[in-house]
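Q: One structure is given below, represented as structure tokens, and several questions about it will come after.
There are 2 protein chains.
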Amino acid sequence: MKLILDAFGGDNCPGAIIDGIKLAEKDFSDIEYIVTGDKKIIEGYIVSKGYSFKNLEIVDAPDVITCDDVPTVAIRSKKDSSLVVALDMLKKDETIDALISTGSTGAILTGGFLKIGRIKGVSRPALCPALPTKKGTNVLLIDCGANADCKPINLCHFAMMGSIYYKELYGAENPRVALLNNGTEDSKGNELVKNTFPLLKKLPINFVGNIEARDALSGDYDVLVCDGFTGNVFLKATEGAVSLVMGEIKGAFKSSLKAKIGAMFSLKAFKKVKDKLDYNKYGGSPFIGCSKTIIKSHGSSKAETIYATIAQAYKYQSAKINEKISEGINNLPTFEDLSDD
Amino acid sequence: MKLILDAFGGDNCPGAIIDGIKLAEKDFSDIEYIVTGDKKIIEGYIVSKGYSFKNLEIVDAPDVITCDDVPTVAIRSKKDSSLVVALDMLKKDETIDALISTGSTGAILTGGFLKIGRIKGVSRPALCPALPTKKGTNVLLIDCGANADCKPINLCHFAMMGSIYYKELYGAENPRVALLNNGTEDSKGNELVKNTFPLLKKLPINFVGNIEARDALSGDYDVLVCDGFTGNVFLKATEGAVSLVMGEIKGAFKSSLKAKIGAMFSLKAFKKVKDKLDYNKYGGSPFIGCSKTIIKSHGSSKAETIYATIAQAYKYQSAKINEKISEGINNLPTFEDLSDD
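Protein chains in written order, with our numbering: chain A, -18 to 322; chain B, -18 to 322.
Below you can see the structure in the form of structure tokens.
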């Protein structure tokens, strides 16, 4: 298996990428690694750490796409950037299986869409992170930001792709697929959701109906389907609320002598809670439905995150997710009342 | 001032309503209270508590609308329900200023819309709760669920109404109004948000631009504008995440002897955090833009919540919010490119 990693664009680059590969090398000795980015900086980092790699190729790409760049412009104009060089290689070289990047989400999605393209039959690729739940399981959120405006057919494809991915990722026979809504009754929702509901019932998936955002992380569902705008608001609202509560608790621990003593005793238990809720630990978000595997890892990824993302890419390829999605989507019944134009 | 309270429909009814009025009677002695509901049960409760009221009228309405009822059907068919009787009295009796209910949100919104109607010029009334922020201030979320599908003109009216309400409620000169989006750049968003953005810039409000859901509770914004579907997902995602973190912390406190000792010392500080994050304590959500004041208080409201909601209704009326909204909306510049048909 051959993996290409964009070594720049994230907060801890290129260190986190190189350290992550070093960690992964032991467990995934059959992966050939390619990294793109400023060769001098990467080589300097490797020397400074005293690393030697069995299977690492460095491809020079001195430019970097930042979060301040306009994605559509950057993908076209920054031809020597670590991301564009990686995307071009992924596209041209059939032996490269997957790409990992910690860079600008917008640029990765735009680049993936324009340069790599969709699996035939998939109306829209979607960003699909795994989130922690109350029960300690994970739930997939699809789409979490690639498509701000969607049609029912897109949500049907998200449901299919999410179900197939969850099944392979966690070995579940019948992933419970739910539609994110403003109420649980069948008739609830905005126009998009109301029109999607009856279609999801016809798909060869375990569609369990509408759920409210409040119950999304209960652990009673495996795949949450929504448009990318709603998914983005859901994910970031969750992040914001977790940060708000954690901040309040930090404050509470400092609010009295008694609480300070309490803090000393509970610190370790709290660190565990914080870790459990940090969904970036589980790896990255695949841009699912692209014709080649692209995984966006968080901008603040550390070596451990990159290790987890490499493991995720390995599983994604080994399980042949893309082939199974192609098969699943292209065997769907035709909905006369649906079209994506 | 005359206030009508639907005494049934919530979890702790009619006790919470009657106890709440009892609490409020001291501080708001110039309010005349009317309650609707099963007269025998209400009178029985009052006798059992040994209460006497100076200014309380009980109107018999033996039926109750529950959350299992279909709102549009229930509002039309349950003519003797506590909510419908209250709405009918609010509509017909000009001396009644406002209505408070802890019942089904859907029924309150449907009833408010069908029986009471909009302030002239307001394209859509909206549900507008106040949420706690990191800085200890409050932020208004408008719309949080009344309108699942919106047009730019609706969001413009939400922005105007939210700004006017915030100004009067918290005495702020220039409330910072933000558009809830999937990114902060001006060009971000789905079609609705992208079309709304340039219009908000033309309104006589302090529009500060797009914000992401992650920053919505930072305390840097006073009014968050969005369609009701997105607002509902945002609010419930926040509730779900707070509940998830609190549950994890509860678990962490039990995870070791050390943590258990920590818990004993920190319990009081934690109770404070939980209280601060419970936005129901601040009162209810006005159905803002209705031609008469309607406030939905949480289904699990206790006497203290009802007290806070009565105080809120009092302020709403005293500050003449409805008149100011009418004035604000009807003095808006005309947008040729906007219509609400």
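Positions of the beta carbon are idealized from the N, C-alpha and C atoms, including for glycine.
From a predicted model like this one, the values you see are computed outputs, not experimental measurements.
Quick one: what does DSSP say A:Ala300 is sitting in, helix, strand or coil?
A: Residue state, collapsed to three classes: coil.
Q: By DSSP, does B:Ile123 sit in helix, in strand, or in coil?
A: Correct three-state label for B:Ile123: strand.
Q: What does B:Asn119 touch in chain A if you count any residue whose Cβ is under 8 Å from its own?
A: Going along chain A, no residue has its Cβ under 8 Å from B:Asn119, so there is no contact; the nearest lies around 13 Å.
Q: Check the Cβ of A:Phe210 against every Cβ in chain B and list those closer than 9 Å, keeping chain order.
A: Residues of chain B passing the Cβ test: Asn162, Asn163, Gly170, Asn171, Leu173, Val174, Thr211.
Q: Cα separation between B:Asn135 and B:Asn128?
A: Answer to the nearest angstrom: the Cα atoms are 9 Å apart.
Q: Using 8 Å for Cβ pairs, my map puts B:Ile81 next to B:Ile302. What's the rounded Cβ distance?
A: With 8 Å as the limit, B:Ile81 and B:Ile302 do not qualify as a contact, their Cβ atoms being about 15 Å apart.
Q: Indicate the three-state DSSP secondary structure (helix, strand or coil) for B:Ala(-17) in the structure shown.
A: Note on residue identity: the sequence assigns Lys, not Ala, to residue -17 of chain B. Note: B:Lys(-17) maps to strand in three-state DSSP.
Q: Which residues in the same chain have their Cβ closer than 6 Å to the Cβ of A:Gly265, if we skip the five residues on either side of it in sequence?
A: Ile276, Lys277, Ser278, Thr290.
Q: With a threshold of 16 other CB atoms inside 10 Å of the CB of B:Ala5, please say whether the residue is buried or exposed.
A: Burial call: buried.
Q: For A:Asn171, does the count of other Cβ atoms within 10 angstroms reach 16, so buried, or fall short, so exposed?
A: A:Asn171 is buried by the Cβ-count criterion.
Q: Going straight from the alpha carbon of B:Tyr32 to that of B:Lys3, what length do you get?
A: Going by the C-alpha atoms only, they are around 8 Å apart.
Q: When you compare only the Cα positions, how much space is there between B:Glu193 and A:Pro267?
A: The alpha-carbon atoms of B:Glu193 and A:Pro267 are separated by roughly 22 Å.
Q: What do you get for B:Lys148, buried or exposed, if any count of 16 or more other CB atoms within 10 angstroms of its CB means buried?
A: Flag for B:Lys148 reads buried.
Q: Please report how far the alpha carbon of B:Leu180 lies from the alpha carbon of B:Asn191, in whole angstroms.
A: Roughly 13 Å between the two C-alpha positions.
Q: Which residues in the same chain have their Cβ closer than 6 Å to the Cβ of B:Asp8, if we skip the five residues on either side of it in sequence?
A: Excluding residues within five positions, none has a Cβ falling inside 6 Å.
Q: To test your reading of the DSSP string, which unbroken beta strand (DSSP E) runs of 3 or more residues are found completely within the region 50 to 117 of chain A?
A: Whole beta strand (DSSP E) segments, 3+ residues: 79 to 82, 111 to 113.
Q: Alpha carbon to alpha carbon, how far is A:Ser320 from A:Leu95?
A: Because A:Ser320 sits at a pLDDT of 46, beneath the cut-off of 50, its placement in the model cannot be relied upon, and the point is left open.
Q: On the three-state DSSP scale, how would you describe B:Tyr14?
A: The answer is strand: DSSP assigns B:Tyr14 an E or B state.
Q: Using 10 angstroms around the beta-carbon of B:Gly324, count the other beta-carbons present and answer buried if the total reaches 16, otherwise exposed.
A: It is not possible to answer for residue 324 of chain B, since the shown part of chain B is limited to -18 through 322.
Q: For A:Asn(-7) versus B:Asn213, is the C-beta spacing smaller than 8 Å?
A: Not a contact, by the Cβ cut-off of 8 Å.
Q: Check the Cβ-Cβ distances between A:Lys148 and every residue of chain B, and say whether any is below 8 Å.
A: So no, A:Lys148 is outside the interface.
Q: Beta-carbon of B:Asp(-8) versus every beta-carbon of chain A: anything under 8 Å?
A: Not closer than 8 Å to any Cβ of chain A, the Cβ of B:Asp(-8) fails to qualify, so no.
Q: Residues of chain A with a CB under 7 Å from the CB of B:Arg195: which are they?
A: Here the neighbours are Lys217, Glu220, Gly221.
Q: Expressed to the nearest angstrom, what Euclidean distance is found between the alpha-carbon atoms of B:Val204 and A:Leu68?
A: Cα-Cα distance, rounded: 41 Å.
Q: Could you check what DSSP says for B:Asn(-7) in three-state terms: helix, strand or coil?
A: Residue state, collapsed to three classes: coil.
Q: A:Ala227 to B:Gly152, Cα distance in whole Å?
A: In the sequence as presented, Ala is not what sits at residue 227 of chain A; that position holds Met. If you take the alpha carbons of A:Met227 and B:Gly152, they lie about 30 Å apart.
Q: Residues of chain B with CB closer than 7 Å to the CB of A:Asp130, please, in chain order.
A: Chain B residues near A:Asp130: Asn171, Glu172.
Q: Check whether the region 240 to 247 of chain A and the region 32 to 50 of chain A touch, using three or more Cβ-Cβ pairs below 8 Å as the test.
A: No, the region 240 to 247 of chain A does not touch the region 32 to 50 of chain A.
Q: In this structure, does DSSP put B:Pro267 in helix, strand or coil?
A: Note: B:Pro267 maps to strand in three-state DSSP.
Q: For A:Lys273, which residues in the same chain have their Cβ closer than 6 Å to its Cβ, ignoring the five residues on either side in sequence?
A: Taken in chain order, the residues that qualify are Leu71, Ile97.
Q: Considering only the alpha carbon of each residue, which of A:Ala88, A:Gly93, A:Leu112, A:Val54 lies closest to A:Asp201?
A: Here the closest residue by C-alpha is A:Leu112.
Q: At which residue ranges does the region 155 to 187 of chain B contain complete beta strand (DSSP E) runs of 3 or more residues, listed in the order of the chain?
A: The region 155 to 187 of chain B contains these whole beta strand (DSSP E) runs: 157 to 162.
Q: For B:Ile287 versus B:Gly25, is the C-beta distance shorter than 8 Å?
A: In this structure, B:Gly25 does not lie closer than 8 Å to B:Ile287 by Cβ.
Q: How many angstroms separate the CA atom of B:Asp124 from the CA atom of B:Leu160?
A: Those two C-alpha atoms are separated by around 11 Å.
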